[in-house]
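Here's the structure, in structure tokens; my notes come after.
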Amino acid sequence: MPTNLSDMAQDDNKHIYFMKQALLMGEKALEVGETPVGCVLVYRGQIVGSGMNDTNKSMNGTRHAEFIAIDEMLRAYPRSLLRSTDLYVTVEPCVMCASALRQYQIRAVYFGCSNERFGGTGSILSLHSDTSIDPPYPVYGGLFGKQAIMLLRRFYIQENEKAPKPRPKKHRELNTKFDDET
Amino acid sequence: MDVQEVLRGVKPLLGQVVPVRTVQETRPREEFEDAYAVEVNVKNASKVIKVLDNAFPRDPSRPLNHLRRFAKHTQIPDELRPVLIKGEPSTQTIFTLITPPLPDADTLRELLAPFAPPSDSSQSSETQPSQDTTGTIHLHTIRIPTQPPLNIAQAEKWSKTMWPVVFNPATPRATIAPPPHALSCVHESLKPKAGRYLALARIVAAEAEKSGVGRGVGAVVVDPELEATIDATDDARWADAIVAVAGDIRYARREGGAVSEAERHQGTGPNPNAQAYNPDVEGGPELHALMHAVDLVASARRKQAGGEMNQSIPLTPLEEFFLTQSDAPVHQSAEESDNLSPVPRKYQKTETEAYPMPTDTDSTRVPRLRSREQGGYLCTDLDVYMTHEPCLCCSMGLLLSRFRAVIFPRQGRMVAGGIASEPVISPVPVEEAEEASAPTSDPPEQEEAPSSEASRPYYGLHWRKELNWRAMGFEFVEDEITEKSAEEGVAFHA
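Respectively, the protein sequence lines represent chains F and H. The opening residue of the first sequence carries number 3 in our numbering; numbering runs sequentially from there. The opening residue of the second sequence carries number 835 in our numbering; numbering runs sequentially from there.
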């Protein structure tokens, strides 16, 4: 199939733009003391939903960015449109969200950094492609991965006043280095 | 609906609670890593251990106690002999094992140099041509199993081919399953009332189905600590440790400004959508019974913290009842209850009359849901009883909510479920009894699923060593089965 180079460039620009919007949602989460993960849902080139982690404020451990964004989208659109919608999320969706996205039949998922502890689209499990009653979806990782990691590092360097025994982290320094400079 | 009457009328399911094994138990994965075998003077054995343990303290989170620290020449597996032993086997030297994470080779050689074998029995120069001097330490890279053997046969196989391995049936296999003691404590605590909670979950499910707001799936959330404080002989108080119940509401959400599927199909009776699986009308996993229950607990917590409840989807009488109990007094004196009952007025009459009064009068108004100050956080240490095996999304949701345990009837297994770890094979009660009486017996190796079994993945998500959060999983095996398993019905996400 012939590939139009200018189309490809436009495509790249599109991915860059939407992932930057997801990162901005992550920034917002950081400002209000939530785990800085952000995402946007894109339907026909438009952002139809955006979300950031909301587990602290809602006191509900399942309120991840993906669910918040889907909530917002469904206020204006029927869920069947998710089949033509792409997700841009700063961190690989966790096992819970990976399954939810499959149940919602998301068209494609673009993520920043992988999630070595809970990742459901390749890191721990591969729920986007495993046998299931819903069709699989493609995932593309690594878009602005370092920026996504830096958001998380900036979060985890803070002291958690909500923890039963806050750990003093005064002397910690923000690590800005990456092992694999690619 | 008279909630008290419903609670009184609950007929417990009869059967037994059995733990769901972990996937690492049902499909033991063998893991191997590189280690060094080093020949040292047999006289120095104890010193070698001391020096090694001082220089490279063992990581207690990586139990490698199944590997012998020393192997005599006669214990070296046949396959390693040509590499490790040159010439005749000797009793003057012994091989010690350096386990991963492997230290720097030069540091190690230096450290062990004083204990090198006498020159006459040291290695020929074949392996390390440049370092052939007396007292040289040779590091031989070998492969070792990093997980303890699960049975004697495995231990023997490894001992013959890799390195001498000890089988200890009592080793708590902490890396692949919940510690046996913790598991049996939870198991015992669930047994007396599981049948009753599950029966209530089915009533909650029937309510959800009948009203058309969702599929017939229900969840009951219990605080086991609260349960322990309830007088077990007082039958009228059996439901006092329930902090929330919730039914499936997948058809109740309005999307894109349109009416919901539930509103579209007015009237009584199950929603016609439930007869098949159509992802476009299913609603999302956040409307499943478990997620709904988690949301109700969260909204009660927000209310405790002075926030709002903001329930967008109306609750059923049972859901409402337990939700209000959760930020209301469990213990009310008869005098107080008239004016202080937090139960909505339309249920109030019933409640004040029928809700069992406590015998202890000094107890103050304590909400069922423990507050943040009392250690209440998300769904930490709560148990959830489900009518069906939760879907993958809900299974992970229950881990992220920090539930202690999840319990569902084996009849409620789902093709798209996230908890089961193996197919049901033979008549189960017999098999379980055998297993219970012989806990050390070897699990059958590489069990093949019967070909007739519907192919579904078995995730055993409740307890996976790869995940940071874990819960215990249990199935309730009913004595008498009258209906076919949900696994054979419409495949949907419960």
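Here a beta-carbon is modelled for each residue, glycine too, at the ideal position from N, C-alpha and C.
- Residue contact with chain F for H/Glu865: absent (no Cβ-Cβ distance below 7 Å to any residue of chain F).
- For the pair H/Met1306 and H/Pro1012, the CB atoms are nearer than the 7 Å cut-off.
- Inter-residue distance for H/Ser1023 and H/His974 is about 51 Å (C-alpha atoms, whole angstroms).
- The three-state secondary structure of H/Gly1029, taken from DSSP, is helix.
- With three or more CB-CB distances shorter than 8 Å, the region 63 to 77 of chain F counts as touching the region 1116 to 1136 of chain H.
- The beta carbon of F/Thr178 does not come within 7 Å of any beta carbon belonging to chain H, so the residue lies off that interface.
- For H/Glu1089, the nearest beta carbon of chain F is closer than 7 Å to its own beta carbon.
- Excluding its 5 nearest sequence neighbours in each direction, H/Phe890 has C-beta neighbours in its own chain below 6 Å: Pro937, listed in chain order.
- Distance from H/Gly1048 to H/Arg1084 at the Cβ level is roughly 5 Å; contact confirmed, criterion being Cβ atoms closer than 8 Å.
- Listed in chain order, the alpha helix (DSSP H) elements of length 4 or more contained wholly in the region 874 to 905 of chain H are 879 to 889.
- Put simply, the backbone Cα of H/Ala1016 is about 14 Å away from that of H/Pro1058.
- Shown in chain order are the members of the region 1119 to 1136 of chain H whose Cβ falls below 7 Å from a Cβ of chain F: Pro1119, Glu1120, Met1125, Val1128, Asp1129, Ala1132, Arg1135, Arg1136.
- F/Leu89 and F/Arg46 have their C-alpha atoms spaced approximately 12 Å apart.
- DSSP, read as helix, strand or coil, puts H/Cys1019 in helix.
- Under the 10 Å beta carbon count, H/Arg915 is surrounded by fewer than 16 other beta carbons and is classified as exposed.
- A distance below 7 Å between beta-carbons, with the five flanking residues on each side excluded, links H/Ser1094 to the following residues of its chain, in chain order: Tyr1085, Ala1086, Arg1087, Arg1088.
- Look at the region 95 to 106 of chain F: the residues with a C-beta under 7 Å from a C-beta of chain H are Cys96, Val97, Met98, Ser101, Ala102, Gln105, Tyr106.
- Counted as a single uninterrupted DSSP element, the stretch harbouring H/Arg1206 is not any beta strand (DSSP E), since DSSP gives it neither H nor E.
- Counted as a single uninterrupted DSSP element, the stretch harbouring H/Ala1123 is not any beta strand (DSSP E) but the alpha helix (DSSP H) occupying residues 1123 to 1138.
- Taken in chain order, the members of the region 1084 to 1115 of chain H whose beta-carbon sits within less than 9 Å of a beta-carbon on chain F are Arg1087, Arg1088, Glu1089, Gly1090, Gly1091, Ala1092, Tyr1111, Pro1113, Asp1114, Val1115.
- Cβ neighbours of H/Leu945 within its own chain (closer than 7 Å, five residues either side excluded): Val885, Ala889.
- The Cβ atoms of H/Gly1052 and H/Gly1029 lie no closer than 7 Å to each other.
- Between F/Glu29 and the set F/Val50, F/Asp9, F/Val93, the nearest pair of CA atoms involves F/Val93.
- In chain order, Thr64, Met98 make up the part of chain F whose C-beta sits under 7 Å from the C-beta of H/Gly1231.
- The region 841 to 855 of chain H and the region 876 to 885 of chain H do not touch, with fewer than 3 CB-CB distances between them shorter than 8 Å.
- Residue contact check for F/Ile151 against chain H: no CB pair falls below 7 Å.
- Taking 7 Å as the cut-off, the beta carbon of H/Val999 is found no closer than this to the beta carbon of H/Ser1255.
- Taken in chain order, the whole beta strand (DSSP E) runs of length 3 or more contained in the region 12 to 51 of chain F are 40 to 45.
- In this structure, DSSP gives H/Met996 a state outside helix and strand, which the three-state scheme calls coil.
- Exclusion of the five residues before and after F/Ser86 leaves Tyr45, Arg46, Arg109 as the residues of its chain whose Cβ lies within less than 8 Å of its Cβ.
- At a cut-off of 7 Å between beta carbons, H/His1327 contacts chain F.
- The DSSP-derived three-state label of H/Ala1053 is strand.
- Chain F has a Cβ within less than 7 Å of the Cβ of H/Ser1235.
- At a Cβ-Cβ threshold of 7 Å, H/Thr941 and H/Glu873 do not count as neighbours.
- By the Cβ-count criterion, H/Leu1212 is buried, with 16 or more other Cβ atoms from all chains shown falling within 10 Å of its own Cβ.
- At a cut-off of 7 Å, the C-beta of H/Glu1321 has no neighbouring C-beta in chain F.
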